[in-house]
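I have placed the structure first, in the form of structure tokens, so that the comments after it can refer back to it.
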Amino acid sequence: MTASLTVSLHDPHQPVPPSGWTEFIDAQRLIAAWSWSLVVAAAAGRVPVVAGTIHDGTGVVGLVTGRFIGPRVRRGARPVAGIVDIDSLTTSALPGIVLAAGADRAAQIEAVAAVRLALRREHGRRVRAIAFRQILEPALPTVLRWPAVVREGGSVTWFPNTFDSFDAYLASLKKKRRGDLRRIYSEVGNDTGLTVTSSLDGGPRPEITPADLCALTDSVVNRHHRTWWLRRRYLSPVMATALLAEPGTHLRAYRDGSGRLIAVHLVFDHHELPMSAIWGAYTVDEGGRRDLWYHSHAELTRWCVETGRQGFLGGQGSLVEKARLGQQVVRQWAVLIPQFR
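When we follow the working numbering, the leftmost residue of the sequence shown carries the number 873, and every step to the right adds one.
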């Protein structure tokens, strides 16, 4: 890469990917969270979406996504003034900029500068600041070349696979957690009123409707949302439809004796580092089962170990429980850079 990176912003409502978008994903073997169909689904929401390709001359060497947050005169219109959040449109575990493998520090800094310039040209004074989110500690210097406000965001987790068997993984856990998992596996296996299906091990993809996925994730959001001043972020039917249609995902489904879906786990597949993306489940009072979250995450761990993957990303939330399952907590930062004219 040279020191002449540029950014082309695209209409996220167009169903056809911009030139070079899909080719870059395929060449870099990126996780399906970057799929253009998911960008289009995100653009159908309340907040305007930013999507661009990063160029070194005529070639695409990176992608950028985000949301333009601020007061608007109508739904979907660009804000009168506001902040552009540069982050992933589908997960809290990825930043909003991805460059080709091997990009050095200079290229990363140039990409940030190119994003700022492109937003200034497109929106002018409407963009008062740009917030770069999901920034890991090694990447902080790339966004701290300008005056900025830095705040630590929500941590994420990842499971580092250093095991040659699932039994070796279980042996690495504390005695109580190992005993709990064995009990959970026994309960799930002996529950004649529970059916578990998964595409992770080569089986057919479970048939799940967008309405089912939304209902299950809504249940999780409602029981874990504790900050009353923040809006609850529900999965939209449009995004649920796009996720279920995305070929780069796996599904694990739990159904009760009547065939009712009571829990689902959606995973973004990847040849090295897949991602636990969405978990939805009913409570026991709603007809669900206890401990299915632990069972599904243990099964994801088993799959990663047995297929030789490097591990998996776990996203934000449930940090204590994830740590008990051997996942490591990774801190993230948000960096707010004012846009000066």
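All C-beta atoms, glycine included, are put in the ideal place defined by N, C-alpha and C.
Per DSSP, the continuous alpha helix (DSSP H) segment holding residue 1038 begins and ends at 1038 to 1044. Scanning the region 916 to 1001 for uninterrupted alpha helix (DSSP H) segments of 4 residues or longer gives 977 to 995, listed from N- to C-terminal end. Per DSSP, reduced to three states, the secondary structure at residue 1023 is strand.
In the DSSP annotation of this structure, the continuous segment of the alpha helix (DSSP H) that includes residue 896 starts and ends at 893 to 900. Minimum Cα-Cα distance from residue 1120 among the listed residues 1157, 940, 1140 corresponds to 1140.
Annotation: the continuous beta strand (DSSP E) that includes residue 1032 extends over 1028 to 1032. Between residue 958 and residue 1004 the beta-carbon gap is near 5 Å, inside 8 Å, which marks them as a contact.
Counting along the chain, residue 1135 sits inside the beta strand (DSSP E) bounded by residues 1133 to 1140. In the structure shown, the three-state DSSP call for residue 1197 is coil. With a cut-off of 8 Å on Cβ pairs, the region 924 to 942 is not in contact with the region 1138 to 1158, counting fewer than three such pairs.
Comparing alpha-carbon positions, the option among 1179, 1024, 1154, 1152 lying closest to residue 1074 turns out to be 1179. With respect to residue 956, residue 1007 sits apart: the two C-beta atoms are not nearer than 8 Å. DSSP places residue 909 within a helical segment (H, G or I) once states are collapsed to three. DSSP, reduced to helix, strand and coil, places residue 1080 outside both helices and strands of the structure shown, so it counts as coil.
Taking 8 Å as the upper bound for CB-CB distance, residue 1161 and residue 1134 are in contact here, some 7 Å apart. For residue 1188, same chain residues with a beta-carbon under 6 Å away, outside a window of 5 residues either side, are 964, 1026, 1028 in chain order. Between residue 1000 and residue 1043, the CB-CB gap reaches or exceeds 8 Å. Collapsing the DSSP output to three states places residue 1017 in coil. Residue 1047 and residue 944 have their C-alpha atoms roughly 54 Å apart.
In the displayed model, residue 1067 falls within a strand according to three-state DSSP.
If you ignore the 5 residues before and after residue 1136, its C-beta comes within less than 8 Å of the C-beta of 1078, 1080, 1084, 1085, 1088, 1123, 1124, 1125, 1126, 1150, 1151, 1152, 1153, all in its own chain and listed in chain order. Between residue 1200 and residue 946, the alpha-carbon positions lie close to 43 Å from each other. In the DSSP annotation of this structure, the continuous segment of the beta strand (DSSP E) that includes residue 1127 starts and ends at 1121 to 1128.
Between residue 1203 and residue 1024, the C-beta spacing is below 8 Å.
Taking every protein chain shown into account, the CB of residue 1129 has fewer than 16 other CB atoms within 10 angstroms, so this residue is exposed. The region 1034 to 1043 makes no contact with the region 977 to 991, as fewer than three CB pairs between them are under 8 Å. Pairing residue 926 with residue 919 gives a Cβ-Cβ distance that is not under 8 Å.
For residue 1210, the enclosing beta strand (DSSP E) stretches over residues 1204 to 1210.
Assignment of residue 1072 by DSSP, reduced to helix, strand and coil, places it in the coil class.
Annotation for residue 1063: 1161 place their beta carbon closer than 8 Å to its own, counting only its chain and skipping 5 residues before and after.
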